[in-house]
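Residue numbers (the numbering used here): 989 to 1484.
Glycine is no exception: its CB is placed at the ideal position from the N, C-alpha and C atoms.
Here's the structure, in structure tokens; my notes come after.
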Ligand SMILES: Cc1ncc(COP(=O)(O)O)c(C=O)c1O
């Protein structure tokens, strides 16, 4: 009897809500302070060894209490986590988040809604957000749409639909049983999530064609058509082309209307990876860059990159809604729709992506879009593009620096080349060292890539907190670190 009563008193809810409430308010206040002052912290800091050791603690068996957890977070996590929310972060391609997005995330956490499509208002919020996504990108209201974890999953979902659409009724049995050899095409600059998706989809590397680019890093249309013809002659079924709206390395956009024409002529699927570049469509000034994207069969874009929704949130749009559902629709007696009540589902989101149980991602998007208004996102993108042009201008004006690629959008690739001529091998190592020094000093966080065998310091500007002065700091620091390292290295050589 006593044991039964004790068991019944177990819950994860606070025994006394008042101290939890007080602490929760403090947490929120401190996180707002953190965001307000983020420019005053280093852009990155190494996690010290004692913190690394502390973070390897064994699974706690006994409760430590929220107060202690908060203290651990403040000492062990917070100081070493500044990265993409910092004004001088331009690494990889990451968004900066927003206060409104953070609060939306908090509200979603409190609701803890499993956003599978149950008959609750949250499902209507998600349907609304999906409609906003279609309208932002110029896709018809009848198209399929899903919120997913990000661009990688959006590419996977779109390519699954493409594969099944090309296989037709044979798709049910799988690629192998169909006996068909499908081939997909995209430029060598295509993000690695595309070949990765093809691998997961049973197409594999034998069905992926990396097409060379021209000097602007755009897909070479002549080579593409030649490769399609060669595959047809060799018994392949050219199934789809992946067009880039903003490549990860340099921000190049392929000739999307030309790709569309090829796919229409050859009975292929056109997928556009617009992970960040698609956001150009929100600006009347930038929209011409991605012209034709709105006519693709499918489009992947991220909400957590250039739209600054907190991680994670991506979107996939597929023109033919039934083609979208095909790979993901499986019967389940436990999921049939009821006439009324929570089981009267307006939609089953699991029919549009791999997951059944899902986060209520749509809420943070809904909160952020309503709070900010959509017009600001196009203006923010324009500002970042202007900053990229400014940075490129500063690089070009410095004889010791060198631009390594055109700057058609928001990505600048450059290197330090020093006061006297040096070979690529030497410059590659020198620039690797410069980049790491810049990051380790907490000055700024661009990232890197390799372009035609040259190591590039790469700034992908999807940051609403950056100001021109931040790019001056970057250029001045690269010059000063570069000069110091170049002197050291020539000294080493003399001594050596
Ligand atoms: C062009 C492009 N496609 C796809 C992706 C993958 O997106 P995610 O990181 O959201 O999965 C990225 C990421 O940077 C990207 O730049």
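Sorry if obvious, but does the Cβ on residue 1261 come closer than 8 Å to a heavy atom of ligand 1?
On the chain shown, position 273 is the one that residue 1261 refers to. Result yes, Cβ under 8 Å from ligand 1.
Where do the ends of the beta strand (DSSP E) carrying residue 1136 lie?
The residue labelled residue 1136 in the question sits at position 148 within the chain shown. Here the beta strand (DSSP E) through residue 1136 covers 1132–1136.
Put residue 1002 into one of helix, strand or coil per three-state DSSP.
If you number the chain shown from 1, residue 1002 lands on position 14. Coil, per DSSP.
Pick out whichever of 1098, 1054, 1025 has its Cα sitting closest to the Cα of residue 1348.
Along the chain shown, one-based indexing puts residue 1348 at 360. Selected option, being the one with the closest Cα: 1098.
Out of curiosity, what's the CA-to-CA distance linking residue 1016 and residue 1273?
On the chain shown, residue 1016 is found 28 positions in, with the first residue counted as 1. On the chain shown, residue 1273 is found 285 positions in, with the first residue counted as 1. Going by the C-alpha atoms only, they are around 38 Å apart.
Is it true that the CB of residue 1265 sits closer than 9 Å to the CB of residue 1232?
Residue numbering aside, residue 1232 sits at position 244 when the chain shown is read from its first letter. Residue numbering aside, residue 1265 sits at position 277 when the chain shown is read from its first letter. Yes.
What are the start and end residues of each continuous alpha helix (DSSP H) run of 4 or more residues lying completely inside the segment 1045–1105, in chain order?
1054–1060, 1087–1099
Is there contact here, the segment 1127–1147 with the segment 1299–1316, by at least three beta-carbon pairs under 8 Å?
yes
Limits of the beta strand (DSSP E) - the one that residue 1446 falls within:
On the chain shown, residue 1446 is found 458 positions in, with the first residue counted as 1. From DSSP, the beta strand (DSSP E) with residue 1446 extends over 1442–1448.
Nonlocal neighbours in the same chain, by C-beta distance under 8 Å from residue 1360, ignoring five residues either side:
Position 372 of the chain shown, counted from the start, is the residue given in the question as residue 1360. For residue 1360, where only same-chain residues beyond five positions count, the Cβ hits under 8 Å are 1086, 1088.
Spatially closest choice to residue 1471 from 1415, 1062, 1320, 1210, by CA coordinates:
Your numbering for residue 1471 matches position 483 in the chain shown. Among 1415, 1062, 1320, 1210, the Cα nearest to that of residue 1471 belongs to 1415.
Would residue 1342 and residue 1141 qualify as a contact pair, given that the criterion is a beta-carbon distance under 9 Å?
Sequence index remark: in the chain shown, residue 1342 carries index 354 (1-based). Sequence index remark: in the chain shown, residue 1141 carries index 153 (1-based). Yes, the pair counts as a contact, with Cβ atoms nearer than the cut-off.
Using 10 angstroms around the beta-carbon of residue 1013, count the other beta-carbons present and answer buried if the total reaches 16, otherwise exposed.
Against the chain shown, residue 1013 aligns to sequence position 25. Looking at its Cβ environment, which holds fewer than 16 other Cβ atoms inside 10 Å, residue 1013 is exposed.
Among all the DSSP beta bridges, which residues are the ones paired with residue 1302?
Indexing the chain shown from 1 puts residue 1302 at position 314. Its beta-bridge partners are 1136, 1290.
Given this structure, state the Cα-to-Cα distance separating residue 1408 from residue 1375, to the nearest angstrom.
For the purposes of this step, residue 1408 is taken as the residue at position 420 of the chain shown. For the purposes of this step, residue 1375 is taken as the residue at position 387 of the chain shown. Whole-angstrom Cα-Cα distance: 29 Å.
According to DSSP, is residue 1321 helix, strand or coil?
Position 333 of the chain shown, counting from 1, holds the residue named residue 1321. It is helical.
Mind checking who residue 1187 pairs with in its DSSP beta bridge?
Locating residue 1187 in the chain shown gives position 199, where the first residue counts as 1. Partner(s): none; residue 1187 has no beta bridge.
Can you tell me whether residue 1029 is helix, strand or coil according to DSSP?
Position 41 of the chain shown holds residue 1029. Correct three-state label for residue 1029: coil.
Between which residues of its own chain and residue 1078 is the CB-CB distance below 6 Å, once the five residues before and five after are set aside?
Within the chain shown, the letter at position 90 stands for residue 1078. Closer than 6 Å at Cβ, skipping near neighbours: 1434, 1447, 1448, 1449.
Residue 1324: CB within 8 Å of a non-hydrogen atom of ligand 1
Translated into the one-based positions of the chain shown, residue 1324 becomes position 336. Result no, Cβ not under 8 Å from ligand 1.
So does residue 1352 have its beta carbon nearer than 8 Å to some heavy atom of ligand 1?
Counting from one through the chain shown, the residue named residue 1352 turns up at place 364. False, no ligand heavy atom lies under 8 Å from that Cβ.
Mapping DSSP to helix, strand and coil, what is residue 1261?
The residue given as residue 1261 occupies position 273 in the chain shown. Strand.
Where residue 1226 falls, given that 16 or more other Cβ within 10 Å makes a residue buried:
The residue labelled residue 1226 in the question sits at position 238 within the chain shown. The residue is buried, with at least 16 neighbouring Cβ atoms inside 10 Å.
Based on DSSP bridge pairs, tell me the residues matched to residue 1225.
If you number the chain shown from 1, residue 1225 lands on position 237. In the DSSP output, where bridge partners are listed per residue, residue 1225 has 1170.
Judging by CA-CA distance, which residue of 1074, 1042, 1256 is the nearest neighbour of residue 1061?
The count along the chain shown starts at 1 and reaches residue 1061 at position 73. Out of 1074, 1042, 1256, 1042 has the C-alpha closest to the C-alpha of residue 1061.
Could one say the Cβ of residue 1196 lies closer than 9 Å to chain C's Cβ atoms, at least one of them?
Judged by its chain identifiers, the structure shown contains no chain C, having just a single protein chain.
Kindly examine ligand 1 and report whether one of its heavy atoms sits closer than 8 Å to the Cβ of residue 1205.
Counting from 1 along the chain shown, the entry for residue 1205 is found at position 217. Residue 1205: no, Cβ never under 8 Å from ligand 1.
Could you tell me the alpha carbon to alpha carbon distance between residue 1390 and residue 1469, rounded to whole angstroms?
Position 402 of the chain shown, counted from the start, is the residue given in the question as residue 1390. Position 481 of the chain shown, counted from the start, is the residue given in the question as residue 1469. Whole-angstrom Cα-Cα distance: 15 Å.
Taking residue 1317 as the reference, which of 1299, 1298, 1324, 1339 has the closest Cα?
Counting from 1 along the chain shown, the entry for residue 1317 is found at position 329. Nearest C-alpha to residue 1317: 1339.
Would you check whether ligand 1 has a heavy atom nearer than 8 Å to the C-beta of residue 1175?
As a first step, residue 1175 must be located in the chain shown, where it is residue number 187. Answer for residue 1175: no, Cβ out of range of ligand 1.
Looking at C-alpha atoms only, which residue of 1246, 1234, 1285, 1251 is the closest neighbour of residue 1262?
For this step, residue 1262 is matched to residue 274 along the chain shown. The option with the nearest alpha carbon to residue 1262 is 1234.
Chain-order list of residues whose beta-carbon lies under 7 Å from that of residue 1426 (same chain, five-residue window excluded)
Against the chain shown, residue 1426 aligns to sequence position 438. Cβ within range, chain order: 1432, 1465, 1466, 1469.
May I ask whether a heavy atom of ligand 1 can be found less than 8 Å away from the beta carbon of residue 1238?
Taking the chain shown and counting its residues from 1, the one referred to as residue 1238 is at position 250. Outside the cutoff, so no.
Meets three-Cβ-pair contact criterion under 8 Å: the segment 1175–1182 and the segment 1198–1212
yes
Are the beta-carbon atoms belonging to residue 1428 and residue 1034 less than 9 Å from one another?
Translated into the one-based positions of the chain shown, residue 1428 becomes position 440. Translated into the one-based positions of the chain shown, residue 1034 becomes position 46. In this structure, residue 1034 lies closer than 9 Å to residue 1428 by Cβ.
Given a threshold of 16 other Cβ atoms within 10 Å of its Cβ, counted over all protein chains shown, does residue 1396 qualify as buried or as exposed?
Taking the first residue of the chain shown as 1, we reach residue 1396 at position 408. Buried, by the Cβ-count rule.
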